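Heads up: take any position in the sequence shown, counting from 1, add 42, and you land on the working numbering. Glycine included, each C-beta is placed from N, C-alpha and C at the ideal position. On a predicted model such as this, the values are computed, not experimentally measured, just so you know. Quick notes on the structure that follows.
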Amino acid sequence: EKISPVEAEAYKKTLTDAGAEAEIK
């Protein structure tokens with residue numbers, strides 16, 4: 043199953059946001 047570039051970007055952003063939240067707490 044291929045992931046579209048847009049989906050990949052959204053996924054990366056989600057991981058980045060989650061990581062940032064974890065660092066803040």
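field: Simplified DSSP state of lysine 55, which is helix, strand or coil
entry: Reduced to three states, the DSSP call for lysine 55 is helix.
message: By the three-class DSSP mapping on this structure, what secondary structure does isoleucine 66 have?
response: Three-state DSSP puts isoleucine 66 in a helix.
message: Rounded to the nearest angstrom, what separates alanine 60 and glutamate 43 at their Cα positions?
response: Cα-Cα distance, rounded: 25 Å.
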